[in-house]
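A short write-up of the structure that comes next.
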Amino acid sequence: MADVKDLPTLLTAIAAGDRQTVTASLDAAPSLVTARLARPDEFFIGQCHAQLYEGDTALHAAAFAYDVDLARDLIARGADINARNRRGAQPLHAATIGAPGSPNWNPTAQQAVIAYLIKAGADPNAVALGGVTPLHRAVRNRCSAAVDQLVRSGANPNLANNHGSTPSDLAHLTTGRGGTGSDEAKAEQQLIITLLNKAER
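Using the UniProt record's numbering, the first residue of the sequence shown is number 1, and each one after it goes up by one.
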């Protein structure tokens, strides 16, 4: 029988798209819907390029796995759309994780989960540690579809983080994130600059 201690296993199954295991776990232990990851259990899921932090939930994982159907199911089961991990990131922040050109990167699915979370009540301008909004994250990760959806859904392109950087500033700079120097990421960067230029007018 599944229990809250099985949350890391559930999060891994969500990232892998193992819906059978996910559904069985949630049915067996409904508390997993709102369970928060413990600090000693923090880990990295390479296939989704996602670092899991204390406080992350199943909805965070559904978001970075771009699984809109699971996100819908979790919210129907009582998941907190505003749950924050220890870095202040909500599921909407998690949905902006991505690595252009990687095998699991799916801009269409990413856009869909972002649109759904905002429609379900997520704040497109939610601020995490360091003053980071979902738009800052999407720009830093070089995910133009995410940037497009966030801006169309009310994200403010002029909000600065605690370092004084707006999303547009990050779009023009080398962000330091791994993979942002690839050809795919550079192409995404140009699309993002165009999108933000239009949004700032």
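Don't be surprised by glycine CBs; every beta carbon is placed ideally from N, CA and C.
query	result
Report back the beta-carbon spacing between V151 and A199 to the nearest angstrom; my notes put them in contact at under 8 Å.	5 Å
Is it a yes or a no for the stretch 137-149 touching the stretch 181-191, going by three-plus beta-carbon pairs under 8 Å?	yes
Is it buried or exposed for N85, if we count other Cβ within 10 angstroms and need 16 for buried?	buried
Helix or strand or just coil, what does DSSP make of V22?	helix
Please report the residue range of the alpha helix (DSSP H) in which I114 lies.	107-119
Using DSSP with H/G/I as helix, E/B as strand and the rest coil, what is A50?	strand
Just to confirm my understanding: we take C48, look at its own chain, exclude 5 residues before and 5 after, and list those with CB closer than 7 Å. What are they?	A15, F64, A65, I97, N104
Assuming I45 is part of the beta strand (DSSP E), what are its boundary residues?	43-45
Under a three-way DSSP split, which group does V127 fall into?	coil
Quick check: the Cα distance between L196 and V147, rounded to an integer number of angstroms?	8 Å
Let's see if you can read the secondary structure: which residues bound the alpha helix (DSSP H) around S144?	144-152
Between L52, Q20, P91, which has its C-alpha nearest F44's C-alpha?	L52
Between the alpha carbons of K5 and H172, how many angstroms are there, rounded?	43 Å
Have a look at G17 and N161 and give me their C-alpha separation to the nearest angstrom.	33 Å
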